[in-house]
Amino acid sequence: MPHLEFAPGLEIQGFTPPLSLSGFKLIAFDMDSTLINIECVDEIADAVGMKDQVAAITEAAMRGEIADYKESLRRRVALLEGVTVADMERVYTERLQLNPGAEALVRACKAAGLKVLLVSGGFTFFTDRVRDKLGVDYTRSNVLEIRSGPNCGELTGRMVDQPWGDICDGEEKRKMLLETCSTLGISPKQAIAVGDGANDLPMMGAAGLSVAYHAKPKVREQAMVAINAGGLDRLLEVMA
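In this note's numbering, the protein residues as written are 2 to 241.
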C-alpha cells in the first residue's frame, strides 16, 4: 500500500486520521537517532580513534544489511576497549541531545495517560540518563563491562549479561514491548512504537501504530506513520 502524504514531510498508510492519543496506553521509543541525535556507540568509538570503523558497522546494521545484530554489536563494542567512563561522560555532555519534539511528544503522551518505554541496542550509561531526563517509565538496554582493579574505569570491550538475556536486539525490543503490554494489562494494539533502524521493525510490527522517524528506507516503507521532516512531535498531527 503506497504512503499518502498527509502533510509536507509526514506520510501515513493503513489508517485514517485522526487517531485518539488517549486510546493508546503505551509508547515505546528506540533511543539512538530516534529519541536522541547520535548513535552513542559511534561517538564513544571516536574517543579511541575507531569512529569510522564502528560507524560503518552501525550503518550496515541499521539498513538491515547485517542479519545478526548481536554479532554486529559485539564487534563494535570490542573496538571500544580502553575507552574510559570519562570519555563516555564527555559524549553525554558535549554531543548527546534530545531530538526536536522529543520532550513535547513525551509530555503529550503522559498527559493523555500513556506509559513510556525506552528500548535500545545502546547502553544503560545513556539510557538511564535519558530515562531520568524525560520521566520514562520502563527501559531495556545493554550494559558495558567496566574494568575494576588496574585500569579501572575503562571499558573491557565486552557487555554484561542481564537477567533477561545478553543483548537488546530487535527481537528483545519486541519481547520487551509485549512484556510491558502484559504488565499493564493492555493489548499490543494499544501500543505505539517509534524507531529508525532495521532492529526496530520487530517491535514496530507488534504495535498498533508504527512510527518511523527520519528512518532508513526499509523502515519508512513499513511504518504506518513516517516523519521525514521536522520533530518527533509531528506524530501529534495525526492524533486528536
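Cβ coordinates follow ideal geometry from the N, Cα and C atoms, glycine included.
A contact between stretches requires three or more CB pairs, one per stretch, nearer than 8 angstroms, and the segment 85-94 meets this requirement with the segment 146-157. In this chain, the beta strand (DSSP E) harbouring A213 covers L210 to Y214.
The beta carbons of M63 and G209 sit no closer together than 7 angstroms. P164 and L237 have their C-alpha atoms roughly 36 angstroms apart. For F127, the enclosing alpha helix (DSSP H) stretches over residues T125 to L135. DSSP, reduced to helix, strand and coil, places Q191 within a helical segment of the structure shown.
Within the same chain, H4, L5, F7, M225, V226, A227 and V239 come within 8 angstroms of I13 by CB-CB distance, once the 5 residues on both sides are set aside.
Only exposed fits S23, as fewer than 16 other CB atoms lie within 10 angstroms of its CB. Under the DSSP assignment, L74 falls in the alpha helix (DSSP H) whose first and last residues are Y70 to A79. By the C-beta density criterion, E90 is exposed, having fewer than 16 other C-beta atoms within 10 angstroms. Counting of Cβ neighbours within 10 angstroms places V220 among the buried residues, the total reaching 16 or more.
A241 and L20 have their C-alpha atoms spaced approximately 6 angstroms apart.
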